[in-house]
Every structure is written in C-alpha cells, then in structure tokens.
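Read through the structure below, which is laid out as structure tokens, and then see the notes.
Chains as they are written, first to last, in this note's numbering: chain W, 18 to 129; chain L, 5 to 121.
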C-alpha cells in the first residue's frame, strides 16, 4: 500500500535553532517528492520538489534531502525564525499515475 | 498574479442544507483540484479537472458531493445534503502541468473552513 509517514507529529524549538523533519514513504514506483509549508489558516505552499535522481535541494534556509534507496526524505531548517511556525507536508507521486500521496504533516512551533 | 481564490473563507450551516464552495484558479492553469483536509486524514484529493473536464472523481466520498467547472476560470464543489461529518477545510489548487513526473507545484487557495452543525 502506498503510504507516506512523517515524524515527529509536532515539534517545538527555540528561535535560531536548527531542526530536521522526517518523511518515510512506501510509494513504488516513486517519481518525485515534494515538501509543502502550510501556515495556519492558509493553503500549502511548495518549498521543494525532488525527482528520484536528486538527493538534495535547497530553498533559502530550507534544505530537503532524499535517499531513494531507503525511501526516506528529510527537511532541514537552519536558523529557525518565528515565521517558520507552520505545518510541513511531504507529498510523493507514483510513476505513471496521477496520484499524489500526502503525509499528515509535522506541526512546527518556533518560540522566541 | 492573484493566486487561487476561494470563497467563502468560512461557512457554517445546519445539517441537511446545500453548501456550495467556489474557486477561481490561476489564469493559464489547465488543471484544477479539489481537496479536503482534516486532522485525522490530512489532505485528500476529491476530484481534478483538465481543461474543464473532470478526469478523476474517485476521491469524491459519495453522491452527495458534486463538482463542476463550467469554464476555465471558475469551479464549484457542492454538497447536498450536508452532514456533520463533512466538516473540514476544503482547498482548491491549480497547476499548469500535471503528471507524476511533473516538477510544477500545485498552487493552493487559502481554503474554505466548513462547519456543519
């Protein structure tokens, strides 16, 4: 069964600290993996998109990594800011289909 | 670029009433998606359109749900009759290209928070 699992479910860190969010998937065959940021009361916004041949992609202070062999991805946030408080959603697509499999997200809270 | 526009932002209604959610996609985007988001299940795809034609509605929960796209700039999601278990946030998204290999992001609206009492 195609699934995407994210951990932790929630995380609290202090402003300025780094953090790493995890995404494990059982989707096969895998095409690409996306990370979205969703602020409270807003729609998700794309952060990164990686194909199976890419193992890292950055967007400012956000760096996503992908290990297609172990079917794991991580999103690393450097020097966190209060505005990073949001939910982060991992999404995986299946080759040859129009199906995107969504994780349930990690809720990040950055405290001053 | 105005982004994807959804209305209303909030809707509270009584069980049994008809609910209509509206979406205006980004101009030039050929694909439009309707999603439902709940705490328990996260984001779920309900239906998507390509060039105004419904392509996959396998995610629509039951016959009480229907969606239309009469033209490239407008879509509706209708629930009739509504039930308390339909309470969720409903998102509309659009993209220019859509496939499993596409590197185009989906652009989401800010959603409609629906509460059925």
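Quick reminder that beta carbons are idealized off the backbone N, C-alpha and C, glycines included.
Would you kindly check if the distance between the Cβ of residue j and the Cβ of residue i is under 8 Å?
i: residue 123(W); j: residue 26(W); result: yes
i: residue 84(W); j: residue 94(W); result: no
i: residue 86(L); j: residue 19(L); result: yes
i: residue 106(W); j: residue 19(W); result: no
i: residue 48(W); j: residue 111(W); result: yes
i: residue 69(L); j: residue 59(L); result: no
i: residue 72(L); j: residue 79(L); result: yes
i: residue 40(W); j: residue 89(W); result: yes
i: residue 76(L); j: residue 118(L); result: no
i: residue 15(L); j: residue 116(L); result: yes
i: residue 51(W); j: residue 66(W); result: yes
i: residue 32(W); j: residue 99(W); result: yes
i: residue 112(L); j: residue 61(W); result: yes
i: residue 30(L); j: residue 7(L); result: yes
For a contact defined as C-beta to C-beta under 8 Å, what are the partners of residue i on chain L?
i: residue 29(W); result: Residues of chain L passing the Cβ test: none, with the nearest at roughly 18 Å.
i: residue 42(W); result: Result: empty, since nearest Cβ-Cβ is about 14 Å, beyond 8 Å.
i: residue 146(W); result: Any answer about residue 146(W) is impossible in this case: the structure gives chain W only from 18 up to 129.
i: residue 90(W); result: What residue 90(W) touches in chain L: nothing, since even the nearest Cβ is about 16 Å away.
Using the beta-carbon count (16 or more within 10 Å), is residue i buried or exposed?
i: residue 28(L); result: buried
i: residue 40(L); result: buried
i: residue 97(L); result: buried
i: residue 22(W); result: exposed
i: residue 52(L); result: buried
i: residue 88(L); result: exposed
i: residue 109(W); result: buried
i: residue 57(L); result: exposed
Which residues in chain W sit within 9 Å of residue i, going by Cβ to Cβ distance?
i: residue 34(L); result: Near residue 34(L) there are no residues of chain W at all, since even the closest Cβ is about 13 Å away, more than 9 Å.
i: residue 119(L); result: Under the 9 Å cutoff, chain W gives no residues; its nearest Cβ is about 14 Å from residue 119(L).
In terms of residue numbering, what span does the beta strand (DSSP E) encompassing residue i cover?
i: residue 23(W); result: 21 to 24
i: residue 103(W); result: 103 to 111
i: residue 58(L); result: 57 to 60
i: residue 121(L); result: Run containing residue 121(L): none; DSSP gives neither H nor E here.
i: residue 93(W); result: 89 to 94
i: residue 117(W); result: 117 to 119
i: residue 16(L); result: 14 to 17
i: residue 34(W); result: Looking at the DSSP string, residue 34(W) is not in any beta strand (DSSP E), and its letter there is neither H nor E.
i: residue 54(L); result: 46 to 54
i: residue 129(W); result: Careful: residue 129(W) lies outside any beta strand (DSSP E) and carries neither H nor E.
i: residue 75(L); result: 69 to 75
i: residue 66(W); result: 62 to 68
i: residue 101(L); result: Residue 101(L) -> no beta strand (DSSP E), and no H or E assigned at all.
Whose Cβ in chain W lies nearer than 8 Å to the Cβ of residue i?
i: residue 107(L); result: 49, 66, 68
i: residue 102(L); result: 115
i: residue 25(L); result: Chain W residues near residue 25(L): none, gap ~13 Å exceeds 8 Å.
Kindly list, in the order they appear in chain L, the residues whose Cβ is closer than 7 Å to that of residue i.
i: residue 59(W); result: 114
i: residue 75(W); result: Neighbours of residue 75(W) on chain L: none; closest Cβ ~15 Å, over 7 Å.
Which bits of chain W does residue i rub up against, with CB to CB less than 7 Å?
i: residue 95(L); result: 60
i: residue 60(L); result: 115
Listing by chain order, which chain B residues have their CB less than 9 Å from the CB of residue i?
i: residue 102(W); result: Protein chains in the displayed structure are W and L, and chain B is not among them.
Along chain L, which residues have their Cβ under 9 Å away from the Cβ of residue i?
i: residue 106(W); result: 46, 47
i: residue 45(W); result: None at all; the shortest Cβ gap to chain L is about 12 Å.
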